[in-house]
Amino acid sequence: MRQLYLRDHSTDLHGTTIIRDGQGQSCYLLVGKWGMHHDVLSLYAINGDLLAEVKQLSLGLLPKFALYQHRHRVGTVGKSLGFVRQVIYIRGLNWIIVGSPLGNRYRVFGGGHLVFAIKPVQRTGTYYHELQVEQEADEPLAILIASVLDHWARGGQADRQRVGFTNRSLQRGLGMTFKLRQ
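Residue numbers for the sequence shown follow my numbering, beginning at 549 and rising by one.
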């Protein structure tokens with residue numbers, strides 16, 4: 549079992565996140581963005597080889613994502629309606645995600661065995677997701693699934709931080725206006 553550390557992808561201004569192991573060594577590079585139909589997150593090995601991708605298939609209350617490994621579609625994952633406890637089935641891989649979006653803790657099972665687990669940790673003063681992956685071959689998909697789960701847990705929170713009031717004196721009144729910050 550190997551531990552990987554994934555920083556919150558939405559806080560990176562360059563759209564690139566480095567995934568490190570427990571010794572701090574760079575293992576993977578996560579590149580891309582969320583939010584629009586057909587947006588893609590791509591996971592690369594440090595040597596530049598494309599390992600896996602997750603593509604947004606639909607928007608809305610219950611968005612769906614397609615998982616690709618070595619340029620072949622291997623599964624789809626869609627959001628379920630669960631607030632305290634979620635059970636999500638990943639079609640194609642036959643994996644089941646069990647966890648809590650409130651605590652951002654998940655366990656993923658395949659064939660009755662643990663594939664990987666996700667939990668929040670704080671390292672060097674920064675918030676990370678710790679992935680404990682049973683087999684190295686599952687690491688690329690585990691990283692992408694963790695990114696999707698984090699995206700759902702935030703619920704577009706990063707976008708809400710871009711909204712600001714144009715006239716602070718009107719915040720408490722009915723004549724409130726707003727604009728998007730650049």
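Using N, Cα and C, we set each Cβ at its ideal position, and we do this for glycine too.
Here the structure is a predicted model, which means the values were calculated and not measured.
| Query | Result |
| --- | --- |
| Since I believe residue 625 is in contact with residue 691 (beta carbons under 8 Å), could you give me their beta-carbon distance rounded to a whole number of angstroms? | About 14 Å separates the two Cβ atoms, so there is no contact after all. |
| Just grab the DSSP bridge partners of residue 763 for me. | With the chain represented from 549 up to 730, any question about residue 763 goes unanswered, as that position is not in the structure. |
| Taking only three categories from DSSP, how would you classify residue 574? | strand |
| May I have the straight-line CA-CA distance separating residue 695 from residue 659, to the nearest angstrom? | 23 Å |
| Straight-line CA distance for residue 705 to residue 627? | Since pLDDT at residue 705 reaches only 46, below the 50 mark, its modelled position is unreliable, and the value read off the structure follows with that caveat. Roughly 17 Å separates the two Cα atoms. |
| Is residue 649 helix, strand or coil when you go by DSSP? | coil |
| Any contact between the stretch 594-605 and the stretch 565-578? By contact I mean 3 or more CB pairs, one from each, below 8 Å. | yes |
| For residue 552 and residue 663, I'd like the C-alpha separation in whole angstroms. | 14 Å |
| Check residue 691 in the structure and name its three-state DSSP category. | helix |
| Specify, as a first and last residue, the run of the beta strand (DSSP E) that residue 615 falls within. | 612-617 |
| Rounded to whole angstroms, what is the Cα-Cα separation between residue 563 and residue 588? | 11 Å |
| Is DSSP giving residue 684 helix, strand or coil here? | helix |
| Under 8 Å, do residue 634 and residue 649 count as touching if we go by C-beta distance? | yes |
| Using DSSP with H/G/I as helix, E/B as strand and the rest coil, what is residue 591? | strand |
| Given a cut-off of 8 Å on the beta-carbon distance, is the pair residue 568 and residue 674 in contact? | no |
| Buried or exposed, going by whether 16 or more other CB atoms sit within 10 Å of the CB of residue 684? | exposed |
| Taking buried to mean at least 16 other C-beta atoms within 10 Å of its own C-beta, is residue 623 buried or exposed? | buried |
| Could you give the DSSP three-state label for residue 586: helix, strand or coil? | coil |
| Who does residue 643 pair with in a DSSP beta bridge? | 638, 658 |
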